[in-house]
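Novice: Chains as they are written, first to last, in our numbering: chain A, 1 to 332; chain B, 1001 to 1332.
From the three backbone atoms N, C-alpha and C, an ideal C-beta is built for every residue, glycine too.
Since the model is a prediction, treat every value here as computed from it, not as a measurement.
Quick one: the structure is below, and I'll ask about it shortly.
Protein chains: 2
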Amino acid sequence: MSTQKEIRLIARPDERGIGAHLFELAQTPIPSAKAGEVLIKQTHMSLDPAMIGWMHPDTESYIPPVALGDVMRSSGFGEVVESQHPEFSVGDKVLGMMGWREYFVSNGQGINKLQADMNAEMALSVFALPGLTATQGLFNIGKPQAGETLVVTGAAGSVGSIVGQLAKADGLRVIGVVGSEEKADWIVNELGFDGAINYKSEHLSQQLTELTPDGIDVFFENTGGPIQHHIFDRMNTHGRIVVCGMIADYTTNEPALAPNWIPMIKKRLTMQGFAMPDHFHQVPQLLEKLTPYVMQGKVKYRAHTLQGLESAMEGLNLFFSGENKGKLIVEL
Amino acid sequence: MSTQKEIRLIARPDERGIGAHLFELAQTPIPSAKAGEVLIKQTHMSLDPAMIGWMHPDTESYIPPVALGDVMRSSGFGEVVESQHPEFSVGDKVLGMMGWREYFVSNGQGINKLQADMNAEMALSVFALPGLTATQGLFNIGKPQAGETLVVTGAAGSVGSIVGQLAKADGLRVIGVVGSEEKADWIVNELGFDGAINYKSEHLSQQLTELTPDGIDVFFENTGGPIQHHIFDRMNTHGRIVVCGMIADYTTNEPALAPNWIPMIKKRLTMQGFAMPDHFHQVPQLLEKLTPYVMQGKVKYRAHTLQGLESAMEGLNLFFSGENKGKLIVEL
C-alpha cells in the first residue's frame, strides 16, 4: 500500500513564533474513493494570512481553530485521480480546502471544478481566497466610485494587489502601501497603481499628503501598523474603511491602539470588518463580478512558490517579514 | 422701537474653556415680518453637545462653525407673534434653529409647526435633535433585534435616555453607562433600563461582564472615555457600533486612542459615525418612527431648565461636568 505525507498541528504558537516545532510530519496510507467520493492529488497548496488565526485557540474567531493533532487547514489546487462521484471525472482540476497533505478524499462538498486550462498559480492567486476577499471587501463594503481615491495597505500582497487593480480599473486613484522598494516598483510599474509608499519611510505623513491631494475615500486595511493613523487622518467625509487584515498586530501581546473615534462622527465614516467564511454562499456572485476584470487582462498576479510540503511550516513566517514576492504557494 | 437681547460668539474656545469671555451680549431692535415671513418669539432654547463643535473653527465638521460676530447657533421653541406667511398664524407653536436671541424672523424654511398642546420641554427633549438623533442612530445604524443586548453611554443624557427606552420597548436588554448614582437610579427605576454602570466605578470591567452575560450586540457611543475599551471587548459577532458623540474627548488636545481593529475582523463588526445634518431630509420618516413610542408612553424625559438668555453661556459646561439632570433647556 502506498503512503502519503501529511502535516499535523501539535502545538499552539508561542514566544518562539511559528515553525517546525508546532507541527508533526506523518506518513499515512493513501485513501481510496468510496461511493460518492473523489480522491484528489493535491499539487499546490495556498498559504494565507488567515491561517495564522486558525492556529490560535481563539474561540472568538470566525471559524474554529485547527484542533491539536489535526492536519493543518489550507486551500489548495489538485487533480482528481479516482472518482466514484457523478460530477467529477479523473483528470478534473479542482480547488478546495484540502489541508497540508498530498492526497485528499472528498464527497465533493466545497470542491470546485475549474476550467481545464486553468493553471494552479492563477487559480490560487486570483480565483481562490485572495480574489474573493478583494472582490467582497472592495465592492460590497468599500463601494468605490470613479474619481475617488483608495489607499490599500499590504498592496503587494495577494489581496491588496487585486484590490488596487480592481479599483484602478473602475477609475479610482489608487495608492498602495508596501514594505520594500521592489514592491513599490512592482505595484506602480507593473500593476499600474498611481503611487506607492514604503511604510518604512521616515516621511509617511508627507508622502501620503502628496499622493492623496483630494484626501482618501476608501481605506482598505490589510496590515495595521503606524501608517493606519496617517491614513485615517486623511479620510474624506462619508469615507469607508474596509478592515480585512491586521497582520502587524496578530502576534503582539498588546496590539497597538487605533485612532480616536471623533473623526468617525465629524466625517460620518463607516468602518466594517469582514471575513470570507460569512460570504461563502456568495461565491458565485463574487466570481461573476471578478471574472470579467481577469478576462480583460486587468488583474495581474505573481506567485511566490515554495517547494515541498515541509516548506509550509516555515513559509508562514513570510507574512510577518513581508519577504515574499507575490502569492505564497507551496508546490508539492 | 422695542429691543431684544441676543448673544454673539466673539472668540473661539481656548484653554480657559467655555464661558462669558467668548460671547458678547447685544441689544438690537425687534425686527418685523415682511411679506412671506414670520416673527417668532422664542421662549425656550435647546443646549446640545453638538454646539461645542460649532464653536470651533474646524473646517472638517459637518456644518460650518459659527462665524465670529454671529449670533450663537441653537434650536429652540417659540410662538409666532406676527405672520405674513400663508402657512403660519399668530399663536402657532414652532420649532427651529433660531439662535441665542429673543426674537427671530424666518421665511418659514426649517421652521416646523407643532401641535397646539405640545409643551416646550417635550418638543425640545423628544421631538427635536435628541429624539431624531436617537431614532436615526438606533434604528438605521444600530439595527436592534429583540433579544439582543445594547449598551449606551451617556445613558441619562438627552440622546442616550431615548436610545435606551426605544431599545427596551423593542425587547432588547439595555444597559446604560452614566456618571452618577442619581442618574443610575433614574435610568433603572424610572426609565426601566436593565442595569446601569457608573463610569467612575473602579470595577468597570467586572460590572459590565455581570450585566451583559450574553455579550453586547449594539454599542451606542455618546461619550468616549476608558469604558469604550471595555464595551468594545465584549462585542458579539456581527455587532454594530453607533458613534454619535465623544464628549469626553472634544476638548482634549490629544484625544484618547481607541481599541485595536483586530476584533473588527474576528467579530465582523460594523462601526458608523453619523450626524443629523446628513439626515434632515429624513425627518418626516424619523418622526413617523418615533411618535408611536412616545404616544404609547414609552419615552420619558426630564428637562434641566436654566433661566434667562445669559445662562446659556456657562450652561454649556454642564455637558463636560455631567451635572445636568436631563435635557438642557434655557427658558427665556
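Since Phe220 (chain A) meets chain B, which of its residues come closer than 8 Å, beta carbon to beta carbon?
Specialist: Reading the first sequence from its first residue, position 220 is the one you call residue 220 (chain A). Residues of chain B passing the Cβ test: none, with the nearest at roughly 13 Å.
Novice: Tell me where the beta strand (DSSP E) around Ser75 (chain A) begins and ends.
Specialist: What you label residue 75 (chain A) is simply residue 75 of the first sequence in a count that begins at 1. Note, Ser75 (chain A): beta strand (DSSP E), 75-83.
Novice: Any residues in the segment 1254-1283 of chain B with a beta carbon nearer than 7 Å to a beta carbon of chain A? Which ones, in chain order?
Specialist: Within the segment 1254-1283 of chain B, the qualifying residues are Pro1255, Ala1256, Leu1257, Ala1258, Pro1259, Asn1260, Trp1261, Ile1262, Met1264, Ile1265, Lys1266, Lys1267, Arg1268, Leu1269, Thr1270, Met1271, Gln1272, Gly1273, Phe1274, Ala1275, Asp1278.
Novice: Decide if Gly308 (chain A) is buried, meaning its Cβ has at least 16 other Cβ atoms within 10 Å, or exposed.
Specialist: The residue you call residue 308 (chain A) lines up with position 308 of the first sequence. By the 10 Å Cβ count, Gly308 (chain A) comes out exposed.
Novice: Gly1245 (chain B) touches chain A at which residues, Cβ-Cβ below 9 Å?
Specialist: Along the second sequence, one-based indexing puts residue 1245 (chain B) at 245. Under the 9 Å cutoff, chain A gives Ile265.
Novice: Keeping to the same chain, check which residues put their C-beta closer than 7 Å to that of Lys143 (chain A); ignore five residues upstream and five downstream.
Specialist: Locating residue 143 (chain A) in the first sequence gives position 143, counting from the first residue. So the list reads Arg240, once near-sequence residues are dropped.
Novice: Between which two residues does the beta strand (DSSP E) carrying Gln42 (chain A) extend?
Specialist: Position 42 of the first sequence holds residue 42 (chain A). First-last of the beta strand (DSSP E) with Gln42 (chain A): 38-46.
Novice: Indicate whether at least one CB of chain B lies closer than 7 Å to the CB of Asp249 (chain A).
Specialist: Residue numbering aside, residue 249 (chain A) sits at position 249 when the first sequence is read from its first letter. Chain B contact via Cβ: present.
Novice: Could you check whether the segment 1103-1119 of chain B touches the segment 1050-1057 of chain B, counting it as contact only if at least three pairs of C-beta atoms, one from each stretch, sit closer than 8 Å?
Specialist: No, the segment 1103-1119 of chain B does not touch the segment 1050-1057 of chain B.
Novice: Look at Leu1328 (chain B) and Leu1132 (chain B) and say whether their C-beta atoms are less than 7 Å apart.
Specialist: Position 328 of the second sequence, counted from the first residue, corresponds to residue 1328 (chain B). Position 132 of the second sequence, counted from the first residue, corresponds to residue 1132 (chain B). No.
Novice: Would Val177 (chain A) pass as a contact of Phe193 (chain A) if the rule is Cβ separation under 7 Å?
Specialist: Locating residue 177 (chain A) in the first sequence gives position 177, counting from the first residue. Locating residue 193 (chain A) in the first sequence gives position 193, counting from the first residue. Their beta carbons are not under 7 Å apart, which means Val177 (chain A) does not touch Phe193 (chain A) by this criterion.
Novice: Could you tell me the boundaries of the beta strand (DSSP E) in which Glu1006 (chain B) lies?
Specialist: What you label residue 1006 (chain B) is simply residue 6 of the second sequence in a count that begins at 1. Note, Glu1006 (chain B): beta strand (DSSP E), 1003-1009.
Novice: Shortest alpha-carbon distance to Ser1129 (chain B) belongs to which of B:Glu1102, B:Thr1270, B:Met1097?
Specialist: Taking the first residue of the second sequence as position 1, residue 1129 (chain B) is located at position 129. Per the sequence shown, residue 1129 (chain B) should be read as Leu rather than Ser. With distances taken between Cα atoms, Leu1129 (chain B) lies closest to B:Met1097.
Novice: Going residue by residue through the segment 285-318 of chain A, where are the continuous beta strand (DSSP E) segments of at least 3 residues, counting only ones entirely within it?
Specialist: Complete beta strand (DSSP E) runs here, min 3: 303-307.
Novice: Straight-line CA distance for Val1339 (chain B) to Pro292 (chain A)?
Specialist: What is shown of chain B runs 1001 to 1332, which leaves residue 1339 (chain B) out entirely.
Novice: For Ala33 (chain A), collect the residues of the same chain with a Cβ closer than 8 Å to its Cβ; drop the 5 residues on either side in sequence, then sort them by chain order.
Specialist: Within the first sequence, numbered from 1, the residue matching residue 33 (chain A) stands at position 33. The answer, listed in chain order, is Leu39, Glu82, Ser83, Gln84, His85, Val105.
Novice: Asp1217 (chain B) and Thr1135 (chain B) - do their beta-carbons sit closer together than 7 Å?
Specialist: Taking the first residue of the second sequence as 1, we reach residue 1135 (chain B) at position 135. Taking the first residue of the second sequence as 1, we reach residue 1217 (chain B) at position 217. Going by C-beta atoms, Thr1135 (chain B) is not nearer than 7 Å to Asp1217 (chain B).
Novice: Report the partner residues of Leu1328 (chain B) according to the DSSP bridge assignment.
Specialist: In the second sequence, counting from the first residue as 1, residue 1328 (chain B) sits at position 328. The partner list for Leu1328 (chain B) (beta bridge, DSSP) reads B:His1304.
Novice: Assuming Val188 (chain A) and Gly195 (chain A) are in contact, meaning their beta carbons sit under 8 Å apart, how far apart are those beta carbons, in whole angstroms?
Specialist: Walking along the first sequence from the start, residue 188 (chain A) turns up at place 188. Walking along the first sequence from the start, residue 195 (chain A) turns up at place 195. Indeed they touch by this definition, with Cβ atoms about 7 Å apart.
Novice: Skipping 5 residues on each side, what residues in its chain have a beta carbon closer than 6 Å to that of Asn140 (chain A)?
Specialist: One-based indexing of the first sequence puts residue 140 (chain A) at position 140. Closer than 6 Å at Cβ, skipping near neighbours: no residue.
Novice: Can you pull out the residues from the segment 197-226 of chain A whose beta carbon lies closer than 8 Å to at least one beta carbon of chain B?
Specialist: Residues passing the 8 Å Cβ filter: Glu221, Gly224.
Novice: What residue range is occupied by the uninterrupted alpha helix (DSSP H) comprising Val159 (chain A)?
Specialist: For the purposes of this step, residue 159 (chain A) is taken as the residue at position 159 of the first sequence. Counting along the chain, the alpha helix (DSSP H) containing Val159 (chain A) begins and ends at 158-169.
Novice: When you compare the CB positions of Arg268 (chain A) and Gly1273 (chain B), do they come within less than 7 Å of one another, or not?
Specialist: In the first sequence, the residue the question calls residue 268 (chain A) occupies position 268. In the second sequence, the residue the question calls residue 1273 (chain B) occupies position 273. Yes.
Novice: Of all the beta strand (DSSP E) runs that stay within the bounds of the segment 1085-1166 of chain B, which reach a length of 3 or more residues?
Specialist: With a minimum length of 3 residues, the continuous beta strand (DSSP E) runs that stay inside the segment 1085-1166 of chain B are 1093-1097, 1103-1106, 1149-1153.
Novice: Which residues bound the alpha helix (DSSP H) around Ala50 (chain A)?
Specialist: Within the first sequence, residue 50 (chain A) is the residue found at index 50, counting from 1. Segment 50-55, the alpha helix (DSSP H) holding Ala50 (chain A).
Novice: Among all the DSSP beta bridges, which residues are the ones paired with Gln27 (chain A)?
Specialist: Taking the first residue of the first sequence as 1, we reach residue 27 (chain A) at position 27. In DSSP, Gln27 (chain A) forms a bridge with A:Lys5.
Novice: Measuring straight from C-alpha to C-alpha, what distance separates Asp48 (chain A) and Thr3 (chain A)?
Specialist: Within the first sequence, numbered from 1, the residue matching residue 48 (chain A) stands at position 48. Within the first sequence, numbered from 1, the residue matching residue 3 (chain A) stands at position 3. Their Cα atoms are separated by approximately 27 Å.
Novice: Taking the DSSP output, what are the residues bridged to Gly1176 (chain B)?
Specialist: Counted from its first residue, the second sequence places residue 1176 (chain B) at position 176. Gly1176 (chain B) is bridged to B:Val1152, B:Ala1196.
Novice: If we count the other Cβ atoms within 10 Å of its Cβ and call it buried at 16 or more, is Val1094 (chain B) buried or exposed?
Specialist: The residue given as residue 1094 (chain B) occupies position 94 in the second sequence. Val1094 (chain B) comes out buried.
Novice: What's the gap between the Cα of Arg1302 (chain B) and the Cα of Lys1325 (chain B)?
Specialist: Along the second sequence, read from residue 1 onward, the residue named residue 1302 (chain B) stands at position 302. Along the second sequence, read from residue 1 onward, the residue named residue 1325 (chain B) stands at position 325. Going by the C-alpha atoms only, they are around 7 Å apart.
Novice: Roughly how far, in whole angstroms, is the beta-carbon of Gly147 (chain A) from the beta-carbon of Val163 (chain A), given that I think they are within contact range, below 8 Å?
Specialist: The residue given as residue 147 (chain A) occupies position 147 in the first sequence. The residue given as residue 163 (chain A) occupies position 163 in the first sequence. 17 Å between Cβ atoms; not a contact.
Novice: Hey, would you say Glu1006 (chain B) sits closer than 7 Å to Arg1073 (chain B), going by beta carbons?
Specialist: The sequence position of residue 1006 (chain B) within the second sequence is 6, counting from 1. The sequence position of residue 1073 (chain B) within the second sequence is 73, counting from 1. Against a cut-off of 7 Å, the Cβ pair of Arg1073 (chain B) and Glu1006 (chain B) comes out as no contact.
Novice: For the beta strand (DSSP E) containing His1238 (chain B), list its first residue and its last residue.
Specialist: Reading the second sequence from its first residue, position 238 is the one you call residue 1238 (chain B). Taken as a continuous stretch (DSSP letters only), the beta strand (DSSP E) holding His1238 (chain B) covers 1235-1243.
Novice: Determine the direct distance from the alpha carbon of Ala1026 (chain B) to that of Ala1011 (chain B), and round the result to whole angstroms.
Specialist: Start at 1 with the first residue of the second sequence, and residue 1011 (chain B) comes out as number 11. Start at 1 with the first residue of the second sequence, and residue 1026 (chain B) comes out as number 26. In a straight line, the C-alpha of Ala1011 (chain B) is about 15 Å away from that of Ala1026 (chain B).
Novice: Within 10 angstroms of its Cβ, does Gln206 (chain A) collect 16 or more other Cβ (buried), or is it exposed?
Specialist: The residue labelled residue 206 (chain A) in the question sits at position 206 within the first sequence. Gln206 (chain A) should be labelled exposed.
Novice: Answer with buried or exposed for Gly322 (chain A), where buried requires no fewer than 16 other C-beta atoms within 10 angstroms of its C-beta.
Specialist: Here residue 322 (chain A) corresponds to residue number 322 of the first sequence, with the count starting at 1. Result: buried.
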